[in-house]
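K.L.:
In terms of UniProt numbering, the sequence shown is residues 1 to 452.
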Amino acid sequence: MTQVIHQPARDISVVDRSDVVVVGGGPAGIAAAVSAARNGASVTLLERYPYVGGLAAGGMVLVLDDMINELEITVRGICMEMIERMKVWGLCVTPTDRDRMIEFRETPEAWQRWARWGLFDFHTQAMPHPICFSAAFDPDAFKRAAYDMIGEAKIKLRTHSWFSSAIVEDGTIKGVICQTKEGMQAILGDVVIDTTGDLDVAASAGAAHIESNFILTTVSRWGGVDTEAAERFERQEPEAFKALDHEAKRLIGGCWSFWWLKTPLPGIVWLNCPHMPTLSGLKVADLTKAEIEGRSRIAKLLEFARQKMPGFENAYVVDFAPQTGVRQTRQLEGAYVVTKDDVMSRRHFADTVCRGRDYYTPYRAMLPKEIDQLIVAGRHYSATPQAQKASREIPPCMAMGEAAGVAATVALNAGTTVRKADVSAIQKQMRAQGADPGDIPSENATYLEAAE
1 MTQVIHQPAR DISVVDRSDV VVVGGGPAGI AAAVSAARNG ASVTLLERYP
51 YVGGLAAGGM VLVLDDMINE LEITVRGICM EMIERMKVWG LCVTPTDRDR
101 MIEFRETPEA WQRWARWGLF DFHTQAMPHP ICFSAAFDPD AFKRAAYDMI
151 GEAKIKLRTH SWFSSAIVED GTIKGVICQT KEGMQAILGD VVIDTTGDLD
201 VAASAGAAHI ESNFILTTVS RWGGVDTEAA ERFERQEPEA FKALDHEAKR
251 LIGGCWSFWW LKTPLPGIVW LNCPHMPTLS GLKVADLTKA EIEGRSRIAK
301 LLEFARQKMP GFENAYVVDF APQTGVRQTR QLEGAYVVTK DDVMSRRHFA
351 DTVCRGRDYY TPYRAMLPKE IDQLIVAGRH YSATPQAQKA SREIPPCMAM
401 GEAAGVAATV ALNAGTTVRK ADVSAIQKQM RAQGADPGDI PSENATYLEA
451 AE
């Protein structure tokens with residue numbers, strides 16, 4: 001039996017007002033907020049957790065990838081700036097330029113140096129996978145870089161603010177309401193950018209969308225691992241390694257080809273597993289089950305690894321990611337819906353404003369059809385579930401966020417709506433700040449539209 005409780009109407013205090021309100025302080029949200037603020041907008045950034053960084057930090061997805069087209073680096077701008085900041089601190093690792101070159105990237109030597117960092121092109125069928133530009137990083141370094149950039153841009157950051165509902169008047173979003181320890185609070189803005197990852201704002205506002213799910217993961221880090229001994233065993237005793245690795249994967253119950261990868265911290269590895277494909281990131285019961293089931297499987301894996309696997313004799317769990325690894329929940333049905341064929345065929349659009357690996361994202365795929373002054377950026381953009389699976393990695397989401405921040409300021413400065421923002425002006429400003437908007441297609445792009 002379903003019970004319903006009716007809440008009485010109540011007044012909610014307006015605690016802040018900005019030109020741009022960004023909801024969700026993950027990679028896309030950080031990029032959106034910084035981009036908008038650097039272009040002169042007043043910006044409020046809202047985040048439900050006590051930290052920023054989203055799945056890159058709280059989810060501990062510790063490789064930035066899906067940002068290359070052969071030797072071309074397609075995601076630059078704010079994402080690349082964060083990589084460079086973390087590298088200065090010794091908390092981010094990228095392959096050498098030499099090992100990424102065509103004549104070296106598929107050699108056994110390059111594979112031996114970089115494979116266990118996860119710095120290879122996992123989209124290719126070639127084995128070994130070609131080494132490519134990507135970055136292995138420390139989650140707290142990502143937070144630190146984000147906080148520095150947020151502070152430098154004078155963004156008003158409000159953590160511990162859980163999005164509750166959108167404020168919409170006559171089809172235009174006016175702000176959002178958040179639940180906090182102080183009670184319900186309203187934050188108003190001329191433009192709202194939804195970077196929640198789950199399309200929370202757009203769905204609340206009434207934007208058309210679909211629901212789907214892919215895989216949930218509880219990521220963990222282990223310490224006390226002798227990575228040199230582990231890699232030496234894998235290299236020198238391949239048959240024995242394969243047998244143990246097969247048993248480890250059986251205990252995990254679902255993972256990528258490498259269930260552990262190195263991090264910039266000595267002796268610390270991260271595990272992007274187990275995979276739980278039948279659970280939904282929108283259901284409380286499923287999220288709860290993922291946390292419990294994930295820990296249970298990792299406990300069994302740790303016991304096995306300590307007893308059987310060279311290099312793991314003294315391994316221990318450092319921590320579990322405080323955020324569940326959610327890959328897919330809601331997808332916007334926007335002014336254009338990106339398809340898997342668009343992504344895989346590298347289709348180019350006249351209104352491309354950012355890039356992923358070798359694919360292009362049209363501005364229309366960031367705009368709801370029904371709601372004005374709302375931009376969507378991140379894994380929940382307007383795409384089919386099949387297309388999203390091939391375009392959901394962190395760097396492309398950051399590129400989308402950076403473009404959203406630019407688009408908001410282009411519209412505000414022109415005194416128009418985000419729907420009518422001058423795409424050529426967005427592209428021009430993206431290039432001016434070191435990003436690649438994709439307006440100039442690569443040689444391997446296919447064409448759908450001609451620029452006006």
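Note that beta-carbon positions come from the ideal geometry of N, C-alpha and C, so glycine has one too.
Just confirm the distance between the C-beta atoms of G29 and G401, as a whole number of angstroms; I'd bet it's less than 8 Å.
P.N.:
Within the sequence shown, the letter at position 29 stands for residue 29. Within the sequence shown, the letter at position 401 stands for residue 401. 6 Å between Cβ atoms; contact.
K.L.:
Under DSSP, the beta strand (DSSP E) around R250 begins and ends at which residues?
P.N.:
Taking the first residue of the sequence shown as position 1, residue 250 is located at position 250. Note, R250: premise wrong, no beta strand (DSSP E); alpha helix (DSSP H) at 238-252.
K.L.:
By Cβ distance, which residues of its chain are closer than 6 Å to A166, with the 5 residues on each side in sequence left out?
P.N.:
Residue 166 sits at position 166 when you count from the first residue of the sequence shown. So the qualifying residues of the chain are I173, V176, V201, S204, A205.
K.L.:
Using 10 angstroms around the beta-carbon of M276, count the other beta-carbons present and answer buried if the total reaches 16, otherwise exposed.
P.N.:
For this step, residue 276 is matched to residue 276 along the sequence shown. Under this definition M276 is a buried residue.
K.L.:
DSSP beta-bridge partners for T352?
P.N.:
Numbered from 1 along the sequence shown, position 352 holds the residue referred to as residue 352. DSSP, once it has assigned bridges, lists P362 as partnering T352.
K.L.:
Where V225 and I268 are concerned, what is the direct C-alpha to C-alpha distance, given to the nearest angstrom?
P.N.:
Here residue 225 refers to the residue found at position 225 when the sequence shown is read from its first residue. Here residue 268 refers to the residue found at position 268 when the sequence shown is read from its first residue. Distance between the alpha carbons of V225 and I268: 6 Å.
K.L.:
How is the alpha helix (DSSP H) around R295 delimited, first residue to last?
P.N.:
In the sequence shown, counting from the first residue as 1, residue 295 sits at position 295. Run containing R295: 284-308, per the alpha helix (DSSP H) assignment.
K.L.:
Where do the ends of the beta strand (DSSP E) carrying F133 lie?
P.N.:
In the sequence shown, residue 133 corresponds to position 133, counting from 1. Where F133 is concerned, there is no enclosing beta strand (DSSP E), given that its DSSP letter is neither H nor E.
K.L.:
Helix, strand or coil, according to DSSP, for L157 in the structure here?
P.N.:
Residue mapping note: residue 157 aligns to position 157 of the sequence shown, counting from 1. Strand at L157.
K.L.:
For a quick check, are the C-beta atoms of E211 and L287 less than 8 Å apart?
P.N.:
The sequence position of residue 211 within the sequence shown is 211, counting from 1. The sequence position of residue 287 within the sequence shown is 287, counting from 1. No, the pair does not count as a contact, with Cβ atoms beyond the cut-off.
K.L.:
Around the C-beta of K420, are 16 or more other C-beta atoms found within 10 angstroms, so that it is buried, or is it exposed?
P.N.:
Sequence index remark: in the sequence shown, residue 420 carries index 420 (1-based). So K420 counts as exposed.
K.L.:
E452: buried (16+ other C-beta within 10 angstroms of its C-beta) or exposed?
P.N.:
Here the question's residue 452 lines up with position 452 in the sequence shown. Unreliable positioning characterises E452 in this predicted model, as indicated by a pLDDT of 48, which lies under 50. A coordinate reading is not provided.
K.L.:
Evaluate the contact criterion for the region 176-190 versus the region 363-371: three or more CB pairs, one atom per stretch, below 8 Å.
P.N.:
These segments do not touch.
K.L.:
What first and last residue would you give for the beta strand (DSSP E) that runs through A321?
P.N.:
The count along the sequence shown starts at 1 and reaches residue 321 at position 321. First-last for A321: undefined, no H or E at that position.
K.L.:
So, is R98 buried or exposed, given that buried needs 16 or more other C-beta atoms within 10 angstroms?
P.N.:
To locate residue 98, count along the sequence shown from 1; it is residue 98. So R98 counts as exposed.
K.L.:
Assuming A31 contacts I78 under a Cβ cut-off of 8 Å, what Cβ separation, rounded to an integer in Å, is found between them?
P.N.:
Here residue 31 refers to the residue found at position 31 of the sequence shown. Here residue 78 refers to the residue found at position 78 of the sequence shown. Right, their Cβ atoms sit about 5 Å apart.
K.L.:
Name the two residues that bound the continuous alpha helix (DSSP H) containing W111.
P.N.:
To locate residue 111, count along the sequence shown from 1; it is residue 111. Its alpha helix (DSSP H) spans residues 108-114.
K.L.:
Out of curiosity, what's the CA-to-CA distance linking A230 and P310?
P.N.:
Here residue 230 refers to the residue found at position 230 when the sequence shown is read from its first residue. Here residue 310 refers to the residue found at position 310 when the sequence shown is read from its first residue. Cα to Cα, the separation comes out at about 5 Å.
K.L.:
Quick check: the Cα distance between S345 and G54, rounded to an integer number of angstroms?
P.N.:
Numbered from 1 along the sequence shown, position 345 holds the residue referred to as residue 345. Numbered from 1 along the sequence shown, position 54 holds the residue referred to as residue 54. S345 and G54: Cα-Cα distance of roughly 30 Å.
K.L.:
Cα separation between D194 and G24?
P.N.:
One-based indexing of the sequence shown puts residue 194 at position 194. One-based indexing of the sequence shown puts residue 24 at position 24. Distance between the alpha carbons of D194 and G24 is about 7 Å.
K.L.:
In angstroms, rounded to a whole number, what distance separates the CA positions of E106 and R357?
P.N.:
Within the sequence shown, residue 106 is the residue found at index 106, counting from 1. Within the sequence shown, residue 357 is the residue found at index 357, counting from 1. Each residue's alpha carbon lies about 19 Å from the other.
K.L.:
Looking only at its chain, what residues have a beta carbon closer than 6 Å to the beta carbon of P139, apart from the 5 residues adjacent to it on each side?
P.N.:
Reading the sequence shown from its first residue, position 139 is the one you call residue 139. Here the set comprises A57, M60.
K.L.:
For residue 472, is the classification buried or exposed, using 16 other Cβ atoms within 10 angstroms of its Cβ as the cut-off for buried?
P.N.:
It is not possible to answer for residue 472, since the shown part of the chain is limited to 1 through 452.
K.L.:
Please classify P274 as buried or exposed, where buried requires at least 16 other C-beta atoms within 10 Å of its C-beta.
P.N.:
By one-based count along the sequence shown, residue 274 stands at place 274. With 16 or more other CB atoms across the displayed protein chains lying within 10 angstroms of its CB, P274 is buried.
K.L.:
If you compare alpha carbons, which of D245, S220, D351 is closest to I292?
P.N.:
Here residue 292 is taken as the residue at index 292 of the sequence shown, counted from 1. Among D245, S220, D351, the Cα nearest to that of I292 is on S220.
K.L.:
From F241 to A248, what does the alpha carbon distance come to, in whole angstroms?
P.N.:
Counting from 1 along the sequence shown, the entry for residue 241 is found at position 241. Counting from 1 along the sequence shown, the entry for residue 248 is found at position 248. Straight-line Cα distance between these residues: approximately 10 Å.
K.L.:
State buried or exposed for W89, treating a residue as buried only when at least 16 other CB atoms are found within 10 Å of its CB.
P.N.:
Working through the sequence shown from its first residue, we reach residue 89 at position 89. It is exposed - the Cβ of W89 has fewer than 16 other Cβ atoms within 10 Å.
K.L.:
Hey, G197 and G26: beta-carbon distance below 8 Å or not?
P.N.:
Along the sequence shown, read from residue 1 onward, the residue named residue 197 stands at position 197. Along the sequence shown, read from residue 1 onward, the residue named residue 26 stands at position 26. Their beta carbons are under 8 Å apart, which means G197 touches G26 by this criterion.
K.L.:
By DSSP, does K389 sit in helix, in strand, or in coil?
P.N.:
Taking the sequence shown and counting its residues from 1, the one referred to as residue 389 is at position 389. Three-state result, K389: helix.
K.L.:
What beta strand (DSSP E) runs, 3 residues minimum, are completely inside the region 188-214?
P.N.:
209-211
K.L.:
Got a sec, what are the start and stop residues for the beta strand (DSSP E) A9 sits in?
P.N.:
Working through the sequence shown from its first residue, we reach residue 9 at position 9. Where A9 is concerned, there is no enclosing beta strand (DSSP E), given that its DSSP letter is neither H nor E.
K.L.:
Measure the CB-CB distance between residue 479 and G189 and report whether it falls below 8 Å.
P.N.:
As displayed, the chain neither begins before 1 nor continues past 452, which places residue 479 out of reach and without an answer.
K.L.:
Roughly how many angstroms separate the alpha carbons of Y49 and W162, rounded to a whole number?
P.N.:
For the purposes of this step, residue 49 is taken as residue 49 along the sequence shown, with counting starting at 1. For the purposes of this step, residue 162 is taken as residue 162 along the sequence shown, with counting starting at 1. So the two alpha carbons sit approximately 8 Å from each other.
K.L.:
Does the beta-carbon of M127 have 16 or more other beta-carbons within 10 angstroms, so that it is buried, or is it exposed?
P.N.:
Position 127 of the sequence shown holds residue 127. With fewer than 16 Cβ atoms within 10 Å of its Cβ, M127 is classed as exposed.
K.L.:
Please state whether DSSP places M127 in a helix, a strand or coil.
P.N.:
Taking the first residue of the sequence shown as 1, we reach residue 127 at position 127. Here M127 sits in coil by DSSP.
K.L.:
What does the alpha-carbon distance come out to for the pair residue 461 and G171?
P.N.:
Lying before the first or after the last residue shown, residue 461 is absent from the chain, which here runs from 1 to 452.
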